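A.B. asks:
In this note's numbering, the protein residues as written are 38 to 690.
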């Protein structure tokens, strides 16, 4: 029974791998679209979502999108959603659909990227995991980066094939390769305008991979040439002419490596053959290093030219924006002191098991903790698996280039995840991780299944008790050791991947609709959770009662999207009080008080009236954090109503 089931599953996998990937992309697109439009209301109405709604509203009015430039939001992260909203009639309720479209497109691009690395099965796993584990509010930048990564993969695929490295080295490099890298540089620059720090590390990872490709060419060419000299009676002058296109130094190839029978058939002594080889090799060695350097530098130059040209055009187009943003980011942000200094696994260990443990609470706790712990451990598990696969030298040169690019992307982006309490920061490395992990499982699985069947009860015990070196090096013992390590590595990387699939597939296939309610606002119709929607609707009604469109209101402390929802303006410098909460000073509070006194907003909306918390700082009540601002509000405004965590204050006559 088990054998027939295994055969059936294996046949299904083979069939899926033979299906045209276009049909799979269409099917995944339909599934993701159906799920996204059912669950788009699950976007939070505070935090990052509030930033986007408020900032897009400001862009549509012709203003700068925000003033808190130290928050590290380059222009693309706001202008791209604003452009999307503009296409559909300036309705801010289009924004959730924009994020749904970003999520679907990122998943399908992830499928195509994984398909370039593995097969249809690994690509499907990647697409599903990206869709179910990525927070799109802070990941718009990934779309141009994934397109750039696809172009770079195409560049690697079009380069020299391992099996014909000698012959193809003589072929001039196609101009299309440089064009592909230049276009990739343009897309990296577009990502730079959305998330400059994450696009920058990807650019560095690409440059490092291109430099490493020169070393890989040297090693693969050396292996090919050694095999060629060991089985050829005379040196092939055509091959040695090809050496001028970038082969390594072969001075270490000894004459004894050449087959004696071939020497005898050629009628030449070993000494004469060695002299002839040395003359040819010395001649090509003078130009090969320069040729390899030229090829590597031309690739980097093509990439940099596309990146620099696109960045220059954007800098000219957004000069006023960058002029205000760059000093704040590179000068003020360094001195800002705002941080989320919490341990890496804080989100996992901070949530304690329920006190009254029963079956329902235990399942709910495991349902929350297991996928979180798996995702937080994933970077380390993938690093172990990559080291194992590269050490065993399983991959072709093209595959090694792709893996090096992805692992470089992960390593350089990972510091951005440290010292953060928000799970969203982990998503910066999840994209390359989820592309790489299924491919590693596939490689290790195929190598394990390709081994002949060997029965050894205890590999470790047998290996430790064996004293004979010849016995240790026997093919039978070597294959047993490989099988032992293959099984362990499949557990290291395959088990977490299986956990994520088991956890996420039901969420994708089963409707995730919650109890939601539609609210009406001047900016459009929005879907929110039922309890929250009732409070938000009442606050919007009070805003419309006490103010007119375009008149100022003031929303504190953070970024609830009432400016955008009600289409009212902010009279102060700050959209949120994160800056004041992180670095409270009397001067900043007095500035807000003076701006409120000048604009005289009729209404103030206060979110989270019970407590304020940001990162590792937990302080209750606004009066404890910003006493001057609190006194200003209490002196000039009267509390009108309280709706859950929301409170409204009306200005005294």
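Ideal Cβ placement from N, Cα and C applies to all residues, glycine included.
This structure is a prediction, so every number in the text was calculated from the model and none was measured.
1) Touch check for the stretch 445-453 and the stretch 235-248: three-plus C-beta pairs under 8 Å?
2) So who's on the other strand from residue 589, going by DSSP bridges?
3) Between residue 186 and residue 341, what straight-line distance do the alpha-carbon atoms span, to the nearest angstrom?
4) What residues are listed by DSSP as bridge partners for residue 642?
5) Return helix, strand or coil for residue 399, following the three-state DSSP convention.
6) Would residue 232 and residue 168 qualify as a contact pair, given that the criterion is a beta-carbon distance under 8 Å?
7) Among 434, 545, 602 and 542, which one has its Cα closest to the Cα of residue 699?
8) Does residue 566 come out as helix, strand or coil in the three-state DSSP assignment?
9) By the DSSP assignment, the alpha helix (DSSP H) with residue 676 in it spans what residues?
10) I need the straight-line Cα distance from residue 193 to residue 431, nearest angstrom please.
11) What three-state label does DSSP hand residue 554 in the structure shown?
12) Measuring only the C-alpha atoms, how far is residue 101 from residue 137?
13) In chain order, what residues of the same chain lie with their CB nearer than 8 Å to the CB of residue 94, ignoring the 5 residues before and after it?
14) Which residues in the same chain have their Cβ closer than 7 Å to the Cβ of residue 558, if we skip the five residues on either side of it in sequence?
15) For residue 561, which of helix, strand or coil comes out of DSSP?
16) Do three or more CB pairs link the stretch 158-166 to the stretch 522-542 at distances below 8 Å?
17) Please determine, among 628, 629 and 593, the residue with the shortest C-alpha to C-alpha distance to residue 613.
18) So, using beta-carbon positions, are residue 87 and residue 597 closer together than 8 Å?
19) For residue 89 and residue 344, I'd like the C-alpha separation in whole angstroms.
20) Would you decide whether residue 644 is buried or exposed? Buried here means 16 or more other CB atoms lie within 10 Å of its CB.
21) Less than 8 Å separating the beta-carbons of residue 570 and residue 590?
22) Give the DSSP-derived three-state secondary structure of residue 44 in the structure shown.
23) The alpha helix (DSSP H) that contains residue 621, what's its start and end?
24) Can the beta-carbon of residue 617 be found less than 8 Å from the beta-carbon of residue 625?
25) Cα separation between residue 398 and residue 407?
26) Taking DSSP as the reference, what is the three-state secondary structure of residue 128?
27) Since residue 477 and residue 422 are thought to touch, with beta carbons under 8 Å apart, how far apart are those beta carbons, to the nearest angstrom?
28) Within this structure, are the beta carbons of residue 222 and residue 183 separated by less than 8 Å?
29) Between the Cα of residue 170 and the Cα atoms of 687, 485 and 412, which residue gives the shortest distance?
30) Tell me whether residue 157 sits in a helix, a strand or coil according to DSSP, three-state version.
31) What first and last residue would you give for the alpha helix (DSSP H) that runs through residue 444?
32) Using the Cβ count rule (16 or more neighbours within 10 Å means buried), how would you classify residue 419?
33) Verify whether the separation of the beta carbon atoms of residue 248 and residue 339 is less than 8 Å.
34) I need the straight-line Cα distance from residue 363 to residue 353, nearest angstrom please.
35) Using only CA atoms, which one of 400, 250, 166 and 189 lies nearest to residue 433?
C.D. replies: Here's the rundown:
1) Segment contact: the stretch 445-453 against the stretch 235-248, three or more CB-CB distances shorter than 8 Å; contact assigned.
2) Translated into positions along the chain shown, residue 589 becomes position 552. In the DSSP output, where bridge partners are listed per residue, residue 589 has 606.
3) The residue given as residue 186 occupies position 149 in the chain shown. The residue given as residue 341 occupies position 304 in the chain shown. Whole-angstrom Cα-Cα distance: 15 Å.
4) To locate residue 642, count along the chain shown from 1; it is residue 605. By DSSP's assignment, residue 642 forms a beta bridge with 592 and 685.
5) As a working note, residue 399 is residue 362 in the chain shown. Here DSSP, grouped into helix, strand and coil, assigns residue 399 to helix.
6) For the purposes of this step, residue 232 is taken as the residue at position 195 of the chain shown. For the purposes of this step, residue 168 is taken as the residue at position 131 of the chain shown. The Cβ atoms of residue 232 and residue 168 lie no closer than 8 Å to each other.
7) This structure leaves residue 699 out entirely; the chain is present only between 38 and 690.
8) As a working mapping, residue 566 is identified with position 529 in the chain shown. Three-state result, residue 566: strand.
9) By one-based count along the chain shown, residue 676 stands at place 639. Taken as a continuous stretch (DSSP letters only), residue 676 belongs to no alpha helix (DSSP H), being part of the beta strand (DSSP E) at 674-680.
10) Working through the chain shown from its first residue, we reach residue 193 at position 156. Working through the chain shown from its first residue, we reach residue 431 at position 394. Using only the alpha carbons, I get a separation of about 17 Å.
11) Against the chain shown, residue 554 aligns to sequence position 517. The answer is strand: DSSP assigns residue 554 an E or B state.
12) By one-based count along the chain shown, residue 101 stands at place 64. By one-based count along the chain shown, residue 137 stands at place 100. Within the model, the alpha-carbon separation for residue 101 versus residue 137 is close to 25 Å.
13) Counting from 1 along the chain shown, the entry for residue 94 is found at position 57. If we look at residue 94 and ignore the five residues flanking it on each side, its Cβ neighbours are 129, 560, 600, 601 and 604.
14) Residue numbering aside, residue 558 sits at position 521 when the chain shown is read from its first letter. Cβ within range, chain order: 577, 602 and 603.
15) By 1-based counting over the chain shown, the position of residue 561 is 524. Strand, per DSSP.
16) The answer is yes - the stretch 522-542 touches the stretch 158-166, with three or more Cβ pairs under 8 Å.
17) Along the chain shown, read from residue 1 onward, the residue named residue 613 stands at position 576. The option with the nearest alpha carbon to residue 613 is 593.
18) Here residue 87 refers to the residue found at position 50 of the chain shown. Here residue 597 refers to the residue found at position 560 of the chain shown. Cβ distance < 8 Å, so residue 87 and residue 597 count as in contact.
19) The residue labelled residue 89 in the question sits at position 52 within the chain shown. The residue labelled residue 344 in the question sits at position 307 within the chain shown. Rounded to whole angstroms, residue 89 and residue 344 show a C-alpha spacing of 27 Å.
20) Position 607 of the chain shown, counting from 1, holds the residue named residue 644. Buried.
21) In the chain shown, the residue the question calls residue 570 occupies position 533. In the chain shown, the residue the question calls residue 590 occupies position 553. Against a cut-off of 8 Å, the Cβ pair of residue 590 and residue 570 comes out as no contact.
22) Mapped onto the chain shown, residue 44 falls at position 7. In the structure shown, residue 44 sits in a helix (DSSP, three-state: H, G or I).
23) The sequence position of residue 621 within the chain shown is 584, counting from 1. Per DSSP, residue 621 belongs to no alpha helix (DSSP H) and is neither H nor E.
24) For the purposes of this step, residue 617 is taken as the residue at position 580 of the chain shown. For the purposes of this step, residue 625 is taken as the residue at position 588 of the chain shown. Cβ atoms of residue 617 and residue 625: closer than 8 Å.
25) On the chain shown, position 361 is the one that residue 398 refers to. On the chain shown, position 370 is the one that residue 407 refers to. About 14 Å.
26) The count along the chain shown starts at 1 and reaches residue 128 at position 91. In the structure shown, residue 128 sits in coil (DSSP, three-state: anything other than H, G, I, E or B).
27) Within the chain shown, the letter at position 440 stands for residue 477. Within the chain shown, the letter at position 385 stands for residue 422. With 8 Å as the limit, residue 477 and residue 422 qualify as a contact, their Cβ atoms being about 5 Å apart.
28) Translated into positions along the chain shown, residue 222 becomes position 185. Translated into positions along the chain shown, residue 183 becomes position 146. No.
29) Mapped onto the chain shown, residue 170 falls at position 133. The shortest C-alpha separation from residue 170 is found at 412.
30) Within the chain shown, residue 157 is the residue found at index 120, counting from 1. Looking at residue 157 - three-state DSSP - the assignment turns out to be helix.
31) Position 407 of the chain shown, counted from the start, is the residue given in the question as residue 444. It spans 434-450 - the alpha helix (DSSP H) in which residue 444 sits, taken as one unbroken run.
32) As a first step, residue 419 must be located in the chain shown, where it is residue number 382. Within 10 angstroms of the beta-carbon of residue 419 lie 16 or more other beta-carbons, which makes it buried.
33) By one-based count along the chain shown, residue 248 stands at place 211. By one-based count along the chain shown, residue 339 stands at place 302. When the beta-carbon positions are compared, residue 248 and residue 339 stay at least 8 Å from each other.
34) Locating residue 363 in the chain shown gives position 326, counting from the first residue. Locating residue 353 in the chain shown gives position 316, counting from the first residue. Near 14 Å, if we compare the C-alpha coordinates of residue 353 and residue 363.
35) Position 396 of the chain shown holds residue 433. Nearest C-alpha to residue 433: 250.
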